[in-house]
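Residue numbers (full-length UniProt numbering): 1 to 121.
Idealized CB from N, CA, C, for every residue including glycine.
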């Protein structure tokens, strides 16, 4: 089993665009859960859902939007950067250690995304 430290490093590299995301890993591990994750998004009333997985140095991910649109791998990263242009890096500092712990136990790293109203200054 891959260590949390290595998983964290692989996830960081994938989000930074240094490491290519794996279509094979996506098909093997994540694709079969697309419908379940769509249902989860609808039940939780999140604004989007991020799901990541890493194994043997490879990383795959998806972003699910309401209505069922799914962004896979590089398109998921691009979607997240568009959704959270000013806060993605800060959010990843919190999320990646949690994702690494989940993945090291054999689970997916999953996080619901909620939009917060903009604060007026």
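* Asked: According to DSSP, is residue 55 helix, strand or coil?
  -> In this structure, DSSP gives residue 55 an extended state, which the three-state scheme calls strand.
* Per DSSP, the bridge partner or partners of residue 50 -> Answer is 63 and 111.
* Kindly indicate which three-state DSSP category residue 105 falls into: helix, strand or coil? => Reduced to three states, the DSSP call for residue 105 is coil.
* Asked: Would you call residue 62 buried or exposed, if buried means 16 or more other Cβ atoms sit within 10 Å of its Cβ?
  -> Buried.
* Enumerate in chain order the residues of its own chain whose CB-to-CB distance from residue 38 is below 7 Å, with the five nearest sequence positions on each side excluded. => Around residue 38: 64 and 68.
* **Cα-Cα separation, residue 159 to residue 114** => Outside the modelled stretch of the chain, which goes from 1 to 121, sits residue 159, for which no answer is possible.
* Of the residues 110, 96, 106 and 34, which one's Cα is nearest the Cα of residue 15? -> Per the C-alpha coordinates, the member of 110, 96, 106 and 34 positioned closest to residue 15 is 96.
* **Residues near residue 99 in its chain [Cβ-Cβ closer than 7 Å; skip 5 each side]** => Same-chain partners within the cutoff: 11, 52 and 109.
* Asked: Thinking C-beta only, is residue 73 closer than 8 Å to residue 21?
  -> Residue 73 sits close to residue 21, with the two beta carbons spaced by under 8 Å.
* Asked: Under 8 Å, do residue 60 and residue 30 count as touching if we go by C-beta distance?
  -> Yes; because the gap between Cβ atoms is below 8 Å, this pair is in contact.
* Name the DSSP beta bridge partners of residue 71, please? -> In DSSP, residue 71 forms a bridge with 63.
* To do: Report the rounded CA-to-CA distance for residue 5 versus residue 103, giving the unit in angstroms.
  => Taking C-alpha positions only, residue 5 is separated from residue 103 by approximately 11 Å.
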